[in-house]
Amino acid sequence: MTTIVAVGYWYKGDYQIPLIAMEELRREGIEVIDLSMGAIKASTFLYEISPSKLIVLVSEKRGKRELRVYKPERGDAFSDWADIYNNMKAYFMDVESFIKSSNALGSLPDETIIIECEVENEDGEMSDWGKECLKLMKEEVHKILGVKS
């Protein structure tokens with residue numbers, strides 16, 4: 002079974018796209034877990050539920066307006082722990098921190114797909130692009146799950 006998780010921030014512009022997608026998918030009967038709780042805690046929770054397949058809904062600012070769908074690269078668990086120790090951000094979890102901590106804990110399944118919206122607006126309401134990307138994100142989840150939109 003595929004586990005779907007969302008990582009986002011309410012009232013932070015396009016960073017809330019995954020959380021809005023989560024709420025809308027839940028209304029459709031698709032279970033989505035909110036992992037907006039910090040990289041270590043989220044990775045520990047993921048370890049406890051031990052999914053065999055994982056879809057992660059996120060938003061990141063990378064400079065190119067697009068919906069990105071990709072499999073995360075896996076590093077060496079020891080190197081990931083060292084990087085986490087040296088670079089962990091308080092209160093904010095980006096997708097790289099989540100992937101590194103999940104990999105270091107052994108909680109990231111081989112079948113992991115990241116669905117990521119580009120962030121244009123970093124505060125307040127979603128941008129027009131954010132609203133479009135929200136729709137694209139949900140369509141991608143439907144496609145992966147084999148559900149008609």
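So the sequence shown is numbered by the working numbering: it starts at 2 and just counts up by one. Each residue gets a CB set at the ideal place from its N, CA and C atoms; glycine is no exception.
1. Mind reading off the beta-carbon distance from Met23 to Leu58? Whole number of angstroms is fine, and I expect it under 8 Å.
2. If you count every other CB in all the chains shown that lies within 10 Å of the CB of Glu112, and 16 or more means buried, which is it?
3. Tell whether a beta-carbon distance below 8 Å holds between Cys134 and Glu123.
4. Kindly indicate which residue of Thr3, Asp15 and Glu29 has the alpha-carbon position closest to the one of Ile50.
5. Secondary structure at Ser44, three-state DSSP: helix, strand or coil?
6. Considering only residues of the stretch 92-138, which uninterrupted alpha helix (DSSP H) runs meet the minimum length of 4 residues and lie entirely inside it, listed in chain order?
7. Answer yes if the stretch 7-14 comes into contact with the stretch 103-117, meaning at least three C-beta pairs across the two stretches below 8 Å, and no otherwise.
8. So, using beta-carbon positions, are Ser60 and Tyr12 closer together than 8 Å?
9. How far does the alpha helix (DSSP H) with Glu24 in it extend, from its first residue to its last?
Straight from the coordinates:
1. 7 Å
2. exposed
3. no
4. Thr3
5. helix
6. 96-106
7. no
8. no
9. Ile18 to Arg28
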